[in-house]
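Enquirer:
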Amino acid sequence: MISINKLHKAFGKNKVLKGIDVNFNEPGITAVLGPNGSGKTTLIKCILGMVIPNDGTIILDDKNIKGEWEYRNKIDYLPQIARFPENLKVKELLSMIKDIRGGEENSERYIKLFNLEPFLNQRLGNLSGGTLQKVNITLALMYDSPLLILDEPTTGLDPLALVRLKKLILEEKAKGKIILITTHIMSFVEEMADNVVFLLEGNIHFEGSLQQLKTNYKSEKVEEAIAKILEGKNYNFSSNGHSKRDVELKIQPNI
Amino acid sequence: MKIKYFIFLCSVWLIAQNGISKQLEVCSTCPHKTIKSAIENAEDGDKVVVKKGIYKEGNIVIKKSIQLIGLDYPILDGENETEILTVNTSGVTIEGFQIQNVGTSYIEDRAGIRFERANNFVVRNNKLYNTFFGIYLAHSNDGIVEGNYVEGEAAKEMSSGNAIHIWYCKRVKVENNHVKKHRDGIYFEFVDNSLIQNNLSEENLRYGLHFMFSNDDDYINNEFRNNGAGVAVMFSRRINMSENLFILNWGKASYGLLLKEIYDAEITNNRFVENTIGIFAEGSTRVNFLNNDFVNNGWAMKVSGGCLNNQVSKNNFISNSFDLSLNSSAYENSIDGNYWSEYSGYDLNRDGVGDIPHRPIKLFNYVLKKTPEAIVLMRSLFIDIINFSEKVSPVFTPANVLDNQPSMKIFERT
Amino acid sequence: MLKILKYVGYDLLRSRWTYIYCSFFLMISLSLLFLSSDLSKVVISLMNIVLLIVPLIATMFGVMYYYNSREFIELLLAQPIKRSNIFLGQYIGIAGSLSISLIIGIGVPFLIYGVFNSPEIWNFMILLVTGVLLSFIFSAIALLIALKNENRIKGFGLAILVWLFLAVIYDGIFLLGLIWFNDYPLDNFAIIGSILNPIDLSRILILLKLDISALMGFTGAVFQKFFGTGLGIAAAISVLIAWIGIPAWRIKSVSQTKDF
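Chains as they are written, first to last, in our numbering: chain A, 344 to 598; chain B, 765 to 1178; chain C, -6 to 253.
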């Protein structure tokens, strides 16, 4: 469905993506991993058209996405931070997305699932973080698009909500979608992912199934395998996502 | 011999008053159908009474000392062809007429009522409409012009005349008249020892009052409203102007009062409201500006070169765009002891006088003097800022233009 | 674009700031009208406030709104919608809601005082029109500055600087120019200098309509004559449109190539 060829992106002098070649064709969950500044968020934003690559192509269903916008009808996206215009009501935010995208949607289902009815007429500025995240998830899942991109979906979720989210993701997977997830939580990867893409310094260091990763690096767990990749490279990648050698990485914040 | 002659004349006059004089009536059913025939049959001291009606008799010339009285405003119509009443002798009274349609002339100064070399006259309670010149007095002394209403149809300065035009006269009283829509409302040239009082002059094309080469005159309690250029008083000495109202004389070249070459005048207790320039003074010397109010004018006072030894005191300067503007740097006039609404000083000892002097000249004023085009920046924030900073620490504005005793309170007028 | 505009509008028309802005003008206009029943004077006083406050608030509000809606913009960018539509929708939403606040804030008090039965109606209208144009001009500039500067402090600083330049510094340089070239005929210089700055142009357009133009004497007459000709009107309108059009066009092109 998506094939990415020789993708380059630099912010000023900082080269974030250095010729990425990767395909996402198989239905299932792909975890995009890497330390901060490795380029994973940039990669995702390139697919979404938020970041414009310097070089290389992204082909989605046989069409180059450069300068296009209609293709985003085929993508659902869950952004990392849920912040919306304060004075809009939840209802209005939902109808805005419906206005923009049109077609069939099943927001009702998620509103019920998350018990959002009492909040529909409230302003987004008055909602708690948890409720906002629920609205965020509703917005991401209300359309059935063949590609689903989740950027750090686990941040700020309580354990119960996390369980629910995992269930929802598995449901989407069952519909035969391609799902891309960036995360730092290795247990989450262990549990959910079918495939793993590991990015480091703007290059792909591993691409394959979860099983392959473990076998290649002779590890029981993903965490171990990742640690071994990083050891080979002299990097320390902790599960909280912060490299201890940030200086050498010249961190580009998640933009 | 002369005294005897005078006594004789007096007794003739007294006798005439006491019954020998007769009354001639004019109307469609009267013995006299026309005013002209009545005048022809009248003698000095007679009274010609004209009853209601329309009289189109062209130019009526009066050479006898008679009283010409209108009852219920008979109409004398010149049909836009001629002057209407011309008086060439002394002792004539004209009262109670409606005089209309003199018509414009480019050759002669036609008037509704003209007195030429005629003393001791009275022009009272007439209404004049569309008379080219309204009441025209020349070489005539000791007369009264009162209670007349003079309304013209002036459209252009070139083709219009003055409402009350007085030339080479002495001891004339102009009182309680209302003049409107002429070239000049009241015109004085070479008129001495006269009084202009309680008149309203409005909507005239040029000046509400045009005053030149006339000495020792008073004008008191008049209102000059919405005239093209305001009031001009020029080349005159010892004029007393008090209790007048100069209002709404607004236009590019307008002012409430223009003073030019004026010596020893008293300008007191007047009000100048909403004029482009309240008083524009040029070459005025020993003039006292006391107890006047300047409210909402563009410039309250604009003083050009050659103004010496004037005193500006006890005036109220309230909400004018500019209070004072000077065109010359040599300044020998006193402006102490006025109220300035812009004054921002304080009065610690509570004696009613501000403790720091007031500088009525703004920096912008100073700039405008050098670069008039800078007026395009009027009311911009930048100008407000530089005016303020100049006020706080003066650098450019003349240091000797100061009110050393600015009043903290508005001077109350009764 | 209309879809974005609609929801940006929903958001802004409920914003506290919109109400504060609107009630500020309501209070100012009402109290000025209360103090003086002379509509012409009130128009002048309001003009001073409008020419100061409208550009300042439009600048600040435009920058603030952009920085506060960064995440929302990202959400929109992931939707199937053209980039330029998102930003132009936001721009018109901001400028439009500021304009509506201004129109209500000034318009309602004047309506109550019967401006429609007054000869001042056209002076009042030109005040409103220039106020609206200034809202559009300065929110466009603000949005463009915010779009080009990710650093908020830099963005705010730059926006304030642009406002300060056009509201104050420009006039200072202009005045120096006038004094400097005092010996030359300055009419054309004065016209060009004041037509290029939207705040100066607005002020002069309003002043020329009011009685106070009599104070401007000969220079005022030159301006009156110029703005009475087709060329003058065309020049004034095209300058104001350029002040809106160029930043708006830049917003479009900058947003096209920007990374979020």
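Heads up, the beta-carbon is just placed ideally off N, CA and C, and yes, glycines get one too. Treat the numbers as computed from the prediction; the structure is a model and nothing was measured.
Just the chain C side, please: which residues come within less than 9 angstroms of B/P1136 by C-beta, in chain order?
Expert: L179, G210, F211, T212
Enquirer: If you scan the segment 526 to 571 of chain A from start to end, which runs of the beta strand (DSSP E) of 3 or more residues do you find wholly inside it?
Expert: 538 to 543, 546 to 552
Enquirer: One question on the structure: do C/S22 and C/L44 come within less than 8 angstroms of each other, judged by their Cβ atoms?
Expert: One thing to note: C/S22 has its Cβ no nearer than 8 angstroms to the Cβ of C/L44.
Enquirer: Tell me the DSSP secondary structure of C/S246 in three-state form.
Expert: If DSSP states are grouped into helix, strand and coil, C/S246 belongs with the helices.
Enquirer: Grouping DSSP H, G and I as helix and E and B as strand, with all else coil, what is A/L463?
Expert: Of the three classes helix, strand and coil, the one that applies to A/L463 here is coil, per DSSP.
Enquirer: Determine the extent of the beta strand (DSSP E) in which B/M998 is found, giving its start and end residues.
Expert: 994 to 1001
Enquirer: Does chain F have any CB closer than 8 angstroms to the CB of C/G225?
Expert: Among the chains of the structure shown, chain F does not appear; the protein chains present are A, B and C.
Enquirer: I'd like to confirm the pairing. Which residues does DSSP put opposite C/C15 in its beta bridges?
Expert: According to DSSP, which records beta bridges pairwise, C/C15 is partnered with nothing at all.
Enquirer: Give the residues of chain A in contact with C/S94, contact being defined as C-beta atoms less than 9 angstroms apart.
Expert: None at all; the shortest Cβ gap to chain A is about 14 angstroms.
Enquirer: Between the segment 175 to 189 of chain C and the segment 13 to 20 of chain C, do at least 3 Cβ pairs fall closer than 8 angstroms?
Expert: no
Enquirer: Which whole-angstrom value is the C-beta distance of B/D841 and B/K820, which I expect to be below 8 angstroms?
Expert: Their Cβ separation, rounded to whole angstroms, is 5 angstroms, which keeps B/D841 and B/K820 in contact under 8 angstroms.
Enquirer: The beta strand (DSSP E) that contains B/G972, what's its start and end?
Expert: 971 to 976
Enquirer: Could you confirm whether any beta carbon from chain B is found closer than 8 angstroms to the beta carbon of C/S248?
Expert: Residue contact check for C/S248 against chain B: no CB pair falls below 8 angstroms.
Enquirer: Whole angstroms is fine: what's the gap from A/W412's alpha carbon to C/I74's?
Expert: 6 angstroms
Enquirer: Mark A/A517 as exposed unless 16 or more other C-beta atoms lie within 10 angstroms of its C-beta, in which case mark it buried.
Expert: exposed
Enquirer: Can you tell me whether B/G834 is helix, strand or coil according to DSSP?
Expert: Three-state DSSP puts B/G834 in a strand.
Enquirer: For B/L1023 versus B/E1038, is the C-beta spacing smaller than 8 angstroms?
Expert: no
Enquirer: Please name the residue or residues paired with C/K202 in a DSSP beta bridge.
Expert: Partner(s): none; C/K202 has no beta bridge.
Enquirer: Roughly how many angstroms separate the alpha carbons of B/V813 and B/G898, rounded to a whole number?
Expert: 22 angstroms
Enquirer: Only counting runs of 3 or more residues, tell me where the beta strand (DSSP E) segments fall wholly within the segment 381 to 444 of chain A, in order along the chain.
Expert: The segment 381 to 444 of chain A contains these whole beta strand (DSSP E) runs: 398 to 403, 418 to 421.
Enquirer: Using three-state DSSP, classify C/M118 as helix, strand or coil.
Expert: helix
Enquirer: Check the DSSP bridge columns for B/T850 and list the partner residues they point to.
Expert: B/V825, B/R878
Enquirer: Please return the same chain residues whose Cβ sits closer than 6 angstroms to the Cβ of B/N884, not counting the five positions on each side in sequence.
Expert: Closer than 6 angstroms at the Cβ level, and outside the excluded window around B/N884, lie S854, G855, D906.
Enquirer: Contact criterion: CB-CB distance below 8 angstroms. Does C/N144 meet it with respect to chain B?
Expert: no
Enquirer: Quick check on A/Y420 - is its C-beta less than 8 angstroms from some C-beta in chain C?
Expert: yes
Enquirer: Report the residue from B/F977, B/H946, B/K944 whose alpha carbon sits nearest the alpha carbon of B/V955.
Expert: B/F977
Enquirer: What whole-angstrom Cβ distance do A/G472 and A/D501 have, given they're in contact under 8 angstroms?
Expert: The pair is not a contact, with the Cβ atoms about 10 angstroms apart (cut-off 8 angstroms).
Enquirer: Just by C-beta distance, which residues in the segment 1056 to 1071 of chain B are closer than 9 angstroms to chain C?
Expert: N1060, G1062, W1063
Enquirer: Using a beta-carbon distance below 8 angstroms, is B/G876 in contact with chain C?
Expert: no
Enquirer: Note down, one range per segment and in chain order, each beta strand (DSSP E) of at least 3 residues found wholly within the segment 1071 to 1116 of chain B.
Expert: 1072 to 1077, 1080 to 1082, 1086 to 1090, 1096 to 1098
Enquirer: Give the C-beta separation of A/G551 and A/N538 to the nearest angstrom, bearing in mind that I take them to be a contact with Cβ-Cβ under 8 angstroms.
Expert: 7 angstroms
Enquirer: Could one say the Cβ of A/G392 lies closer than 8 angstroms to chain C's Cβ atoms, at least one of them?
Expert: yes
Enquirer: Buried or exposed: which applies to C/D164, given that a residue is buried once 16 or more other Cβ atoms fall within 10 Å of its Cβ?
Expert: buried
Enquirer: With a Cβ-Cβ cutoff of 8 angstroms, do C/R76 and C/Q249 count as a contact?
Expert: yes
Enquirer: What would DSSP say about B/V1186, mapped onto helix, strand or coil?
Expert: Chain B is shown only over 765 to 1178; residue 1186 of chain B falls outside these bounds and no answer can be derived.
Enquirer: In chain order, what residues of the same chain lie with their CB nearer than 7 angstroms to the CB of B/N985, ignoring the 5 residues before and after it?
Expert: The residues are Q961, N962, E1007, N1008.
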